[in-house]
Amino acid sequence: MCGIVGYIGAKNCVHILIDGLKKLEYRGYDSAGIGIINDNYCDVIKTKGKVSDLEKMLTGKNFTAGLGIGHTRWATHGEPNMVNAHPHLNKERNLFLVHNGIIENYSSLKKGLQKEGYNFLSETDTEVLVNLIDRYLKKKHNLGTAVRYALNEVEGTYGIAVIYKNEPDKIIVARKGSPLVLGVGVNENFIASDVNALISHTSQVVYLEDNEILEIYSDHFVAKNISDKEIIKEIHEVDIAIDEISKGGYAHFMLKEIMEQPESIYNSMRGRLLPEEGTSKLGGLQGFEDRIAHSDRILISACGTSWHAGLVGEYMLEQYAGIPVEVEYASEFRYRHPVINSNDTVIFISQSGETADTLASLREAKKKGALCLGICNVVGSSIARESDTGVYIHAGPEIGVASTKAFTSQLVVLALITMLISREKRLSVTDGQYLINEMKKLPRNVEKILKMNDTIEKIADKYVNAKNFLYLGRGYNFPVALEGALKLKEISYIHAEGYPAAEMKHGPIALIDENMPVVFIATKDSVYDKVMSNIEEVRARKGKIIAIANEADDQIDKIVDHAIKIPQTADMLTPILSVIPLQLLAYHIAVKKGLNVDQPRNLAKSVTVE
Ligand code: M6R
Numbered sequence: 004m005c006g007i008v009g010y011i012g013a014k015n016c017v018h019i020l021i022d023g024l025k026k027l028e029y030r031g032y033d034s035a036g037i038g039i040i041n042d043n044y045c046d047v048i049k050t051k052g053k054v055s056d057l058e059k060m061l062t063g064k065n066f067t068a069g070l071g072i073g074h075t076r077w078a079t080h081g082e083p084n085m086v087n088a089h090p091h092l093n094k095e096r097n098l099f100l101v102h103n104g105i106i107e108n109y110s111s112l113k114k115g116l117q118k119e120g121y122n123f124l125s126e127t128d129t130e131v132l133v134n135l136i137d138r139y140l141k142k143k144h145n146l147g148t149a150v151r152y153a154l155n156e157v158e159g160t161y162g163i164a165v166i167y168k169n170e171p172d173k174i175i176v177a178r179k180g181s182p183l184v185l186g187v188g189v190n191e192n193f194i195a196s197d198v199n200a201l202i203s204h205t206s207q208v209v210y211l212e213d214n215e216i217l218e219i220y221s222d223h224f225v226a227k228n229i230s231d232k233e234i235i236k237e238i239h240e241v242d243i244a245i246d247e248i249s250k251g252g253y254a255h256f257m258l259k260e261i262m263e264q265p266e267s268i269y270n271s272m273r274g275r276l277l278p279e280e281g282t283s284k285l286g287g288l289q290g291f292e293d294r295i296a297h298s299d300r301i302l303i304s305a306c307g308t309s310w311h312a313g314l315v316g317e318y319m320l321e322q323y324a325g326i327p328v329e330v331e332y333a334s335e336f337r338y339r340h341p342v343i344n345s346n347d348t349v350i351f352i353s354q355s356g357e358t359a360d361t362l363a364s365l366r367e368a369k370k371k372g373a374l375c376l377g378i379c380n381v382v383g384s385s386i387a388r389e390s391d392t393g394v395y396i397h398a399g400p401e402i403g404v405a406s407t408k409a410f411t412s413q414l415v416v417l418a419l420i421t422m423l424i425s426r427e428k429r430l431s432v433t434d435g436q437y438l439i440n441e442m443k444k445l446p447r448n449v450e451k452i453l454k455m456n457d458t459i460e461k462i463a464d465k466y467v468n469a470k471n472f473l474y475l476g477r478g479y480n481f482p483v484a485l486e487g488a489l490k491l492k493e494i495s496y497i498h499a500e501g502y503p504a505a506e507m508k509h510g511p512i513a514l515i516d517e518n519m520p521v522v523f524i525a526t527k528d529s530v531y532d533k534v535m536s537n538i539e540e541v542r543a544r545k546g547k548i549i550a551i552a553n554e555a556d557d558q559i560d561k562i563v564d565h566a567i568k569i570p571q572t573a574d575m576l577t578p579i580l581s582v583i584p585l586q587l588l589a590y591h592i593a594v595k596k597g598l599n600v601d602q603p604r605n606l607a608k609s610v611t612v613e
């Protein structure tokens, strides 16, 4: 999704902006641009395409400036082209603005401005905002006031950064629904929509909240709310190492992140297991354990891969905590007036912690008095901050658009929460100790699976040209089937469906012939025999079968085309292992098709629009 960077200080901002935009590339975008101001000139350089294209345009120009903003755009209003790219500017070309989010009332604002003589060059909603600010500047307001007045007229969401040639000592930033963070330096300041773009410069950050406006100078900043009341902002220390956001020798971030899972899974449970008591401790939930354990219901709201993690969570919590659980797409939850009571706990799962639908559903649940529990990866993200209580998954930065290590870490955290609240319910000390033992083995077991990378790549070779794929699983492996299908479709653009295996006979079986690859997740759990019957049904119709099975299962080799063997573990923890071959399968198929796996078309890492 769109990215914002900015700089004010004594250095040449051009390199800083380009470097920052590169760090935001993983979010997905289709055009890029920068706007710079110095004593003698100001300019906007933008293009359709990649940051590398923008860099080429800058070659030989020797621009130097101490003030600038930059943007990567993911098209919402108007196609990806140079004119629609940000920064947008006024007619005099001395006021530049970058914007993430959507101005919902842009059409009526545009008509009003057109009546006053403003012309529009782009099809974007953003151009309305820059002209609106210009209108207040022409009424002799200073930049800060002009931005505030303009924002008061705007409906929708925004994270904006604005610079003005006539006030070259400041950047104005404002947030409503779209993340922004200030990086505090020494006699220089940075802004970005994502801390990853800042951490090579500073670890001191200030997170903007909704309806806040910051005037940022090189040596200080002033924070106000939209009603012009000054507010005090806390400076936080971020703890991300620079090598965590580089590829570390791997061809793609996605592969690196798949390979990091032994460590990320370990980090998610580190210091959180209580082996003797057969349960867990989660600092973030301290004081809330009883309220969660005695909830009438648990609702889980999330999107995409995080929603799949929620489905696994439903199975875990119902099995051990005995509390009814409902899992909702956040996008539906926010608009369908769900029944939420004050004795419900609502869990929000989000890797980025910024997904617009999930954040909106959190606000809805909060209004209705439910306890809101966030499970996030990005520290300090909006969902993490706005939840009543929560648990970080500690997977480390996930850059690849396709979520991999965040999924397995979300599952670890859901298992920990399940253990925490199930002791007085259906989880005996012995069962808890068994689960803990199995959890401790997870990193080693994942390492074993990752060693099969070459075997999985060879299987991928055979299916690069497949047009469709079916993924089938039951019980705990049903959400894994959904996740396997999502991984494949989002990065390889092959149509893939995930289904509960038994549901196949109610429709999808009609699709099966010798051209249909079917991936079964057939581990030795309580529904193993039933899945074997489903495999036979596909075999009888000549479908090609790839099975994820357990190491000790010799029988399955006789009836499937390819068997990928994984270690056996507790049923509840199986998805943490069974999903890994599916991540690798999707990855290799996409690479063999020559596709950009880290930035698949039309997708964004952090979906901050509806
Ligand atoms: O940051 P979130 O976990 O809230 O993101 C939710 C989805 O956008 C995300 O999982 C998406 O489906 C990924 N591309 C899946 O790989």
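Going by my numbering, the first residue of the sequence shown is number 4, and it counts up by one from there.
Backbone N, C-alpha and C define an ideal beta-carbon position, used for all residues, glycine too.
Environment of residue i [buried if 16+ CB atoms lie within 10 Å]
i	result
residue 289	exposed
residue 36	buried
residue 128	buried
residue 307	buried
residue 558	exposed
residue 231	exposed
residue 223	exposed
residue 425	buried
residue 490	buried
residue 311	buried
residue 528	buried
residue 103	buried
residue 553	buried
residue 507	buried
residue 576	buried
residue 87	buried
Beta-carbon separation (whole angstroms), residue i vs residue j, contact threshold 8 angstroms
i	j	result
residue 31	residue 106	About 21 angstroms separates the two Cβ atoms, so there is no contact after all.
residue 234	residue 226	5 angstroms
residue 146	residue 118	That pair is no contact at about 24 angstroms.
residue 409	residue 380	5 angstroms
residue 601	residue 416	25 angstroms between Cβ atoms; not a contact.
residue 504	residue 537	4 angstroms
residue 432	residue 280	7 angstroms
residue 254	residue 7	29 angstroms between Cβ atoms; not a contact.
residue 48	residue 9	So it is not a contact: roughly 15 angstroms between Cβ atoms.
residue 285	residue 374	About 14 angstroms; that fails the 8 angstroms criterion.
residue 376	residue 391	7 angstroms
residue 115	residue 69	The pair is not a contact, with the Cβ atoms about 35 angstroms apart (cut-off 8 angstroms).
residue 186	residue 177	No, residue 186 and residue 177 are not in contact; Cβ-Cβ is about 17 angstroms, not under 8 angstroms.
residue 357	residue 90	With a Cβ gap of about 22 angstroms, residue 357 and residue 90 do not count as contacting.
residue 302	residue 343	7 angstroms
The alpha helix (DSSP H) enclosing residue i, as first and last residue numbers
i	result
residue 258	256-262
residue 571	Premise fails: residue 571 is in no alpha helix (DSSP H) and is neither H nor E.
residue 447	432-453
residue 407	From DSSP, residue 407 is part of no alpha helix (DSSP H); its letter is neither H nor E.
residue 123	Residue 123 -> no alpha helix (DSSP H), and no H or E assigned at all.
residue 273	That residue, residue 273, is in no alpha helix (DSSP H); it is neither H nor E in DSSP.
residue 16	16-26
Closer than 7 angstroms to chain C by CB, residue i
i	result
residue 49	As a matter of chain content, chain C is missing from the structure shown, which is built from one protein chain.
Limits of the beta strand (DSSP E) - the one that residue i falls within
i	result
residue 49	45-51
residue 207	207-210
residue 578	Not the beta strand (DSSP E): residue 578 falls in the alpha helix (DSSP H), residues 577-595.
residue 227	224-228
residue 334	No beta strand (DSSP E) contains residue 334, which is instead part of the alpha helix (DSSP H) from 333-336.
residue 395	392-395
residue 7	6-11
query: Looking at C-beta atoms only, is the number of pairs between the stretch 483-490 and the stretch 434-441 that lie closer than 8 angstroms three or more?
result: no
message: Within 8 angstroms, do at least three Cβ pairs link the stretch 136-145 to the stretch 93-100?
response: yes
query: Is there contact between the stretch 519-535 and the stretch 455-472, where contact requires at least three CB pairs shorter than 8 angstroms?
result: yes
field: Stretch pair the stretch 331-341 + the stretch 280-298: three plus CB contacts closer than 8 angstroms
entry: no
message: Under 8 angstroms: do the stretch 553-571 and the stretch 442-457 share three or more Cβ pairs, one atom per stretch?
response: yes
message: Whether or not the stretch 60-67 and the stretch 76-89 are in contact is what I'm after, with contact meaning three or more pairs of Cβ atoms, one per stretch, closer than 8 angstroms; do they touch?
response: no
message: Assess contact between the stretch 454-463 and the stretch 586-604, defined as three or more Cβ pairs (one per stretch) separated by less than 8 angstroms. Is contact present?
response: yes
- request: Spell out a yes or no on whether the stretch 599-607 and the stretch 500-517 are touching, meaning 3 or more CB-CB pairs, one atom from each, closer than 8 angstroms.
  value: no
task: Could you tell me whether the stretch 262-275 touches the stretch 393-411, where touching means 3 or more Cβ pairs closer than 8 angstroms?
output: yes
task: Give a yes or no on contact between the stretch 194-201 and the stretch 19-29, applying the rule of three or more CB pairs nearer than 8 angstroms.
output: yes
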